[in-house]
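Residue numbers (our numbering), protein chains in the order written: chain A, 1099 to 1342; chain B, 1099 to 1342.
Just so it is clear, CB atoms sit at the ideal spot from N, CA and C, and this is done for glycine as well.
None of the values given here were measured: they were computed from a predicted structure.
I have placed the structure first, in the form of structure tokens, so that the comments after it can refer back to it.
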């Protein structure tokens, strides 16, 4: 058996999220597994570094694949890309040590969220950014962002409470402005369900002065979802890179 | 009567080209005229700097509009953008001297053509670039491009021969490489029907060594469309700016 790491990009607007669901072949995992199984003539399982929601895009999602069939990586990559839909592409494939797992071996992840603050959103970014036509206080947003960094309990920033730990470490939250577009960059050990989108909604509410930057500390301490901001839509979010 | 200049951006893939055609409201001119007429409550005519073909995008198309109704430019721009589809946006509106005409007053135009040379096209640019997965000799392409500059008869580089002059002046043709994407930039006094797309197809054939750079001179002299290269698809082409 050999273990491979795939690096993927996809336009999330064209799929029903990452995770395979029963019969539907409209999920990214489902399409990848079916295509690889067809090419390698064995039942292939492909595990992502995480399950991006429907609508979330990826520039550098990773996935692991364990197979018994021998193949030439470049040929396999070319064949896969030929068969895959235009909106899903394998950027790279590398052989890993056995035991490698895209999710369990991951050390950190970076996400980006794009916001267009113009009165009317630019036509070329409309499927890849949130239209938020308001004046934003970036200074307040940066102050709020600084309180998110570190190892903390992010229970207030998720829409799914399981019996698992909600403690995560955020390494950095950066706010970059480029003309009429604002990019929020999040890097951390991992993120809870909807976490990046709720963090974004909360920072935007700070930017509009609906929330005070200092409130972030209280929201974190409260562990109450209701205290955090709105869940920003999927279409502005990109999984940028997974680090091992 | 007052004359205004509109600056527009649109995703050409969503419309049937610029020019109003009978009843269809799927053309850019048709949608703009109908929306402006509704808002201003008078029959408004809007004339573009040129008729972009179906599928061609614009980052800075211009159009002139002569109206008798008085209005506040900012309010009109906001109202228009509210009513227009997401894929069409007015970037700016300015009052011009009477007699201004978007096409007749134009001094020069710049177009961009995007080419993705990866084996499989990037998923986010797939509607805005040509997938051309070949190794290209940029040096040969730049040499060929240099022969296009100047005041010349471009009869060989158009798909529509009318009884009009086919002489145009090209100021520059630049070839920019960014990782796996190549951008061709064309600036000139004006361009014939399909001219930028045929110039692009011809330069790409030079890049693949199907044509010698020196052949450009012969193609120009021949005035024969059949001697030039293929007409590159509309989706890679952007009207970038019109100069007055």
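DSSP-derived helix/strand/coil call for residue i
| i | result |
| --- | --- |
| residue 1286 of chain A | strand |
| residue 1224 of chain B | coil |
| residue 1194 of chain A | strand |
| residue 1159 of chain A | strand |
| residue 1148 of chain A | coil |
| residue 1174 of chain B | helix |
| residue 1320 of chain A | helix |
| residue 1168 of chain A | coil |
| residue 1103 of chain A | strand |
| residue 1125 of chain A | coil |
| residue 1241 of chain A | helix |
| residue 1260 of chain A | coil |
| residue 1330 of chain A | coil |
| residue 1114 of chain A | coil |
| residue 1315 of chain A | helix |
| residue 1201 of chain A | coil |
| residue 1180 of chain B | helix |
Euclidean distance between Cα positions of residue i and residue j
| i | j | result |
| --- | --- | --- |
| residue 1303 of chain B | residue 1333 of chain B | 19 angstroms |
| residue 1300 of chain B | residue 1195 of chain A | 47 angstroms |
| residue 1258 of chain A | residue 1214 of chain A | 28 angstroms |
| residue 1139 of chain A | residue 1323 of chain B | 49 angstroms |
| residue 1279 of chain A | residue 1271 of chain A | 16 angstroms |
| residue 1319 of chain A | residue 1251 of chain A | 8 angstroms |
| residue 1238 of chain B | residue 1268 of chain B | 19 angstroms |
| residue 1056 of chain A | residue 1164 of chain A | Coverage of chain A is limited to positions 1099 through 1342, which leaves residue 1056 of chain A absent and any answer about it impossible. |
| residue 1309 of chain A | residue 1317 of chain A | 11 angstroms |
| residue 1313 of chain B | residue 1106 of chain B | 37 angstroms |
| residue 1223 of chain B | residue 1157 of chain A | 12 angstroms |
| residue 1218 of chain B | residue 1180 of chain A | 8 angstroms |
| residue 1305 of chain A | residue 1288 of chain B | 45 angstroms |
| residue 1191 of chain B | residue 1171 of chain B | 7 angstroms |
| residue 1207 of chain A | residue 1275 of chain A | 22 angstroms |
| residue 1286 of chain B | residue 1117 of chain A | 51 angstroms |
| residue 1147 of chain B | residue 1247 of chain A | 51 angstroms |
| residue 1225 of chain B | residue 1220 of chain A | 15 angstroms |
| residue 1120 of chain A | residue 1338 of chain B | 46 angstroms |
| residue 1175 of chain B | residue 1131 of chain B | 13 angstroms |
| residue 1329 of chain A | residue 1262 of chain B | 58 angstroms |
| residue 1142 of chain B | residue 1266 of chain A | 58 angstroms |
| residue 1216 of chain A | residue 1182 of chain B | 15 angstroms |
| residue 1260 of chain A | residue 1177 of chain A | 40 angstroms |
| residue 1169 of chain B | residue 1135 of chain B | 13 angstroms |
Proximity of residue i and residue j at Cβ, strictly below 9 angstroms
| i | j | result |
| --- | --- | --- |
| residue 1093 of chain A | residue 1155 of chain A | Since the first residue of chain A shown is 1099 and the last is 1342, residue 1093 of chain A is not available in this structure. |
| residue 1354 of chain A | residue 1256 of chain A | Residue 1354 of chain A cannot be examined here, being either before or after the span of chain A that is shown, 1099 to 1342. |
| residue 1254 of chain B | residue 1161 of chain B | no |
| residue 1137 of chain A | residue 1104 of chain A | no |
| residue 1281 of chain A | residue 1235 of chain A | no |
| residue 1200 of chain A | residue 1294 of chain A | no |
| residue 1129 of chain A | residue 1150 of chain A | no |
| residue 1193 of chain A | residue 1133 of chain A | no |
| residue 1342 of chain B | residue 1152 of chain B | no |
| residue 1245 of chain A | residue 1311 of chain A | yes |
| residue 1240 of chain A | residue 1273 of chain A | yes |
| residue 1228 of chain B | residue 1167 of chain B | no |
| residue 1264 of chain A | residue 1315 of chain A | no |
Cross-strand partners of residue i (DSSP beta bridge)
| i | result |
| --- | --- |
| residue 1255 of chain A | BP columns for residue 1255 of chain A are empty, so no partner. |
| residue 1336 of chain A | A:1155 and A:1210 |
| residue 1354 of chain A | Limits of chain A in this structure are 1099 at one end and 1342 at the other, which puts residue 1354 of chain A out of reach. |
| residue 1248 of chain A | A:1268 |
| residue 1229 of chain A | A:1214 |
| residue 1300 of chain B | Paired residues: none, contrary to the question. |
| residue 1143 of chain A | Its beta-bridge partners do not exist; DSSP assigns none. |
| residue 1279 of chain A | A:1214 and A:1276 |
| residue 1219 of chain A | None, per the DSSP bridge assignment. |
| residue 1341 of chain A | A:1206 |
Three or more C-beta pairs under 8 angstroms: does that hold for the segment 1316-1336 of chain B against the segment 1211-1230 of chain B? yes
With a threshold of 8 angstroms, are at least 3 pairs of Cβ atoms found where one atom belongs to the segment 1104-1120 of chain A and the other to the segment 1184-1201 of chain A? yes
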